Amino acid sequence: MGTILELQGVSMSFGGLKAVDSLSFDVRENEIVSIIGPNGSGKTTTFNVISGLYEPDSGDILLKGESVAGLRPDQVHDKGISRTFQSLRLFSNMSVLDNVLVGMHSVTDAGLIASMLRLPKVRREEAAMRVKAREILEMFPGRFSGPRQQQPAFSLSYANRRRLEIARALASEPALLLLDEPVAGMNPMESREVMEQIKVLRDKGYTILMIEHDMHVVEGVSDRVIAMDHGVKIAEGTYTEVANDPQVVEAYLGKRAAEATA
Amino acid sequence: MSLDHIVSVTIGGLTVGMIYALIALGYTMVYGVLKFINFAHGEVFTIGGYVAAFTLLTLGVNDGMSAIAVAGCLLAAVVASVLVPMAIGFLVERIAYRPLRGRARIIPLLSAIGVSIVMQQSIILVFGSKPVTIPTLALSSASIVVGGIRIRVLALVIIVVSAVLMAGLTYLVKSTRIGKAMRATSQDMEAAEMMGIDTNKTIAFTFIVGSALAGIGGFLVIMYYGSLKFDAGFLYGLKAFTAAVLGGIGNIPGAVVGALVLGMTETYGVSVDLGFLAWFVVAGLVLGLYVQMVRIPRRRLQHIAEDRRTPEYERSLLNVYRLTPYHGVKTLLAERTDALLSVSAEHAVRLMAGNVFLAVVAAVMFVNANVRIDTRWQPVIAFVVLMVILMFRPSGILGEAITEKV
Ligand SMILES: Nc1ncnc2c1ncn2[C@@H]1O[C@H](COP(=O)(O)OP(=O)(O)O)[C@@H](O)[C@H]1O
Ligand SMILES: [Mg+2]
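Going down the list, the sequences are from chains C and H.
Following the working numbering, the numbering of the first sequence begins with 111 at its first residue and continues without gaps.
Following the working numbering, the numbering of the second sequence begins with 823 at its first residue and continues without gaps.
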């Protein structure tokens, strides 16, 4: 199986703070890799660098062997990396369906004049996209059925907003899906449901890099786990290997001990 | 006061309002996407008018020409008054705004003021400082008589053309791929980028569309009034910007509604008797009472915390709004009240003051029913009406589209 994503010594700092420090890892095709680590360990920043929001200070990011470091976010998305956000960033005033359709922006090409004239080609494309968007939404049975697709995103429940973020990211059928804490704030039942859906995505052939704090979910879906602390990768391997790694235990326990004394 | 008079005043108000709307759309779209007021937008309108006039004068349009030749000249003028502003809108964004994006908000604003001055001076340099005037065409002064009322054809053309353009714009923003990209960009630019939208392109497109609409506005104005001054864009721009804020900045239908309200206010204010105008104030009063008695209390009831929701508490909250000033003042003066009640009481007293003001104004107007306000008071009337509306609806008539309604 080929390598989809490869990070080679990627560093990213904000002022004096090294948020990501010469980080290297890879994600292979149809694999689910989870990144764990205490808050502030640089996980989200890693996602931001991969998706082009920041240009890395040093190092390279390869998608299927091709460098994507330094590209604009929309160009990275065009290359096949799509993501969700830890703090939800839906287009709140747009409908559920429109959110998914925006996710398809890079795979459609209806020009302005053709759209305004409603040429048959555009109408066909729009109809096809709608069908596809509905299919994606149906991945979450009963959550986005019927009239709910026309509701604005802000009217959704919290868990449904998280689901819609995943649907929007899937809309472009990305080569690599980045999920930033997909079950954060969900109750155990909802988390389990999302976990099952992530497994379904793997069966469909998706490759997923995921940040997650919920260890049940991490254990349940990950082929491999990467642990980070202070921007550095401190362990990598199967869930059991990483969970028992002394450095990982210290990173978490140290934090908990600090919390206990505080 | 005759019906004829009122119909023709209404058409006059709609015409002016539609022109304001064409310009206001550019302000509101750019604000929606960039949260930035493009103060140079008024000058784009002036340039549209000048370019149209220049084209017509160069082609030597006059009534001696055949109808087809005149139509050809007008078509050329329309095309020029759209294309040149489009190019200018694109270049201004590229040169003066894009490099400053992401800086403190005041910086692009200063740049916009600079651009506005540069454009005004350029108009003087290219076309001279005297107003540009086009020859009177039979077509632009033509009028039809409907039911005994004489109406200028051009006024109807302006109203219809603008309405069609606005419908087109609504379709564009709501339903097309680029329109969805515009809405996504206006709500969360970074997220839009990470969903594959080239926001630079989307922003450039927004400027181009806004400039084209302003350019058409310039063409229609030069046709309607026959002449234009180099600084016309200042006042038109200011009014259109006001209209955009009045309707809810960033809100596209809001810009149209705000512009029509402003156009009608200006026209009606000085063209009809106070006795007639008073009915508008009465309508405003009815609306104001509805807001105070029904709408706001209904919304406030939802703010009551679950554990405090008792029928008595709900009733006391409603009373604060419905039976002010008595309950409002009583609540304000009471020693211990809870936060929601006292905030509501303050709010209610303010709304009541607005309604009393409207009632007094209406009464005064009815007493002086036969007086007509002097034209010189036009800006003052417009100002007072705007302030009253914004007092009841601080975010504009239709609300700001970009604020998240959670
Ligand atoms: N845009 C930014 N500017 C400055 N500091 C940042 C920025 N983004 C993240 N950081 C800092 O980088 C560190 C890593 O943050 P983050 O990647 O969000 O951690 P995690 O997702 O692992 O909780 C934190 O100390 C955070 O404060
Ligand atoms: Mg994070």
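Ideal Cβ placement from N, Cα and C applies to all residues, glycine included.
This structure is a prediction, so every number in the text was calculated from the model and none was measured.
By DSSP's criteria, SER192 of chain C is part of a beta bridge. Which residues make up the other side?
SER192 of chain C pairs with C:LEU287.
Could you give the DSSP three-state label for LEU115 of chain C: helix, strand or coil?
Here LEU115 of chain C sits in strand by DSSP.
For ILE980 of chain H and THR1132 of chain H, believed in contact at Cβ under 8 Å, the rounded distance
Actually they do not touch by this definition, with Cβ atoms about 57 Å apart.
Below 5 Å from a heavy atom of ligand 1 - residues by beta-carbon:
The filter returns C:PHE124, C:ALA129, C:ASN149, C:GLY150, C:SER151, C:GLY152, C:LYS153, C:THR154 and C:THR155, in chain order.
Would you tell me roughly how many angstroms separate the C-alpha atoms of GLU176 of chain C and ARG271 of chain C, rounded to the nearest one?
C-alpha separation (whole angstroms): 33 Å.
Partners in chain H for ASN270 of chain C, counting only beta-carbon separations shorter than 7 Å
Here the premise fails: no neighbours, minimum Cβ distance about 14 Å.
Whole-angstrom distance between GLN1200 of chain H and PRO1216 of chain H, CA atom to CA atom
One C-alpha to the other measures close to 23 Å.
Distance between beta carbons of GLU329 of chain C and GLU291 of chain C, contact taken as under 8 Å:
Contact doesn't hold; Cβ gap of about 16 Å is too wide.
Apart from the five residues on each side of it in sequence, which residues of its chain come closer than 6 Å, Cβ to Cβ, to LEU117 of chain C?
Around LEU117 of chain C: LEU133, SER134, PHE135 and ILE171.
For VAL178 of chain C, which three-state DSSP category applies?
Coil at VAL178 of chain C, not helix or strand.
Where THR998 of chain H falls: helix, strand or coil (DSSP):
Looking at THR998 of chain H - three-state DSSP - the assignment turns out to be coil, as it is neither helix nor strand.
Just checking GLN1200 of chain H against ligand 2 - is the residue's beta carbon closer than 7 Å to any of the ligand's heavy atoms?
No.
Over what stretch of residues does the beta strand (DSSP E) that includes ASP131 of chain C continue unbroken?
For ASP131 of chain C, the uninterrupted beta strand (DSSP E) run begins and ends at 127–138, by DSSP.
Would you kindly check if the distance between the Cβ of MET249 of chain C and the Cβ of GLN185 of chain C is under 8 Å?
Not closer than 8 Å, so no.
GLN942 of chain H versus ALA1013 of chain H - alpha carbon distance
Going from the Cα of GLN942 of chain H to the Cα of ALA1013 of chain H covers about 37 Å.
In this structure, how does DSSP classify SER984 of chain H when only helix, strand and coil are distinguished?
In the structure shown, SER984 of chain H sits in a helix (DSSP, three-state: H, G or I).
DSSP state of GLY1070 of chain H mapped onto helix, strand, coil
Taken through DSSP and simplified to helix, strand or coil, GLY1070 of chain H comes out as coil.
Anticipated Cβ contact below 8 Å, MET851 of chain H with GLY1110 of chain H, distance rounded
That belief does not hold up - the Cβ atoms of MET851 of chain H and GLY1110 of chain H are roughly 30 Å apart, past 8 Å.
With 16 as the cutoff for other CB atoms within 10 Å, does LYS1002 of chain H come out buried or exposed?
LYS1002 of chain H counts as buried, since at least 16 other C-beta atoms from the protein chains shown sit within 10 angstroms of its C-beta.
Determine the direct distance from the alpha carbon of TYR268 of chain C to that of VAL1228 of chain H, and round the result to whole angstroms.
Residue confidence is low: VAL1228 of chain H scores 33 on pLDDT, short of 50, so the model does not pin down where it sits. Its coordinate-derived value is still stated next. Cα to Cα, the separation comes out at about 12 Å.
Within the same chain, show all residues whose beta-carbon is closer than 6 Å to that of ALA891 of chain H, passing over the 5 residues directly before and after it, in chain order.
For ALA891 of chain H, where only same-chain residues beyond five positions count, there are no Cβ hits under 6 Å.
Buried or exposed: where does GLU235 of chain C fall if 16 or more other Cβ atoms within 10 Å of its Cβ makes it buried?
With a threshold of 16 other beta carbon atoms within 10 Å, GLU235 of chain C meets it and is buried.
Which two residues bound the contiguous beta strand (DSSP E) that contains ARG974 of chain H?
Residues 971–974.
Got a sec? Which residues, its chain only, sit under 7 Å from VAL327 of chain C by beta carbon, not counting five neighbours each side?
Hits under 7 Å: VAL293, SER301 and MET305.
Hey, out of H:PHE858, H:PHE876, H:ALA1184 and H:LEU987, whose CA is closest to ILE1038 of chain H's CA?
Closest option to ILE1038 of chain H, Cα to Cα, is H:LEU987.
Alpha helix (DSSP H) segment containing LYS857 of chain H, residue limits:
LYS857 of chain H -> no alpha helix (DSSP H), and no H or E assigned at all.
Quick check: is the beta carbon of ALA1003 of chain H nearer than 8 Å to any beta carbon in chain C?
At least one chain C Cβ lies under 8 Å of ALA1003 of chain H.
Of all the options H:ALA1167, H:ASP826, H:THR877 and H:GLY1218, which has the alpha carbon lying nearest to the alpha carbon of MET1115 of chain H?
Residue H:ALA1167 is the option with its Cα nearest to MET1115 of chain H.
Alpha-carbon spacing of TYR919 of chain H relative to TYR1090 of chain H, whole angstroms
One Cα belongs to TYR919 of chain H, the other to TYR1090 of chain H, and the distance between them is close to 39 Å.
Please state whether DSSP places PRO230 of chain C in a helix, a strand or coil.
Secondary structure of PRO230 of chain C (DSSP, three-state): helix.
Examine chain C for any beta-carbon lying closer than 8 Å to the beta-carbon of THR955 of chain H, and answer yes or no.
No, THR955 of chain H lies away from the interface with chain C (no Cβ there is under 8 Å from its Cβ).
By the 10 Å Cβ neighbour count, where 16 or more other Cβ atoms means buried, how is ASN1141 of chain H classified, buried or exposed?
ASN1141 of chain H counts as buried, since at least 16 other C-beta atoms from the protein chains shown sit within 10 angstroms of its C-beta.
CB contact flag (THR155 of chain C, LEU289 of chain C, <8 Å):
Against a cut-off of 8 Å, the Cβ pair of LEU289 of chain C and THR155 of chain C comes out as no contact.
Which word fits ASN1192 of chain H, buried or exposed, when buried means at least 16 other C-beta atoms lie within 10 angstroms of its C-beta?
Exposed.
What first and last residue would you give for the beta strand (DSSP E) that runs through LYS343 of chain C?
The continuous beta strand (DSSP E) containing LYS343 of chain C extends over residues 342–347.
Own chain residues within Cβ distance below 6 Å of ASN158 of chain C, not counting five before or after:
When the five nearest sequence neighbours on each side are left out, the beta carbons in the same chain lying within less than 6 Å of the beta carbon of ASN158 of chain C are those of TYR164, in order along the chain.
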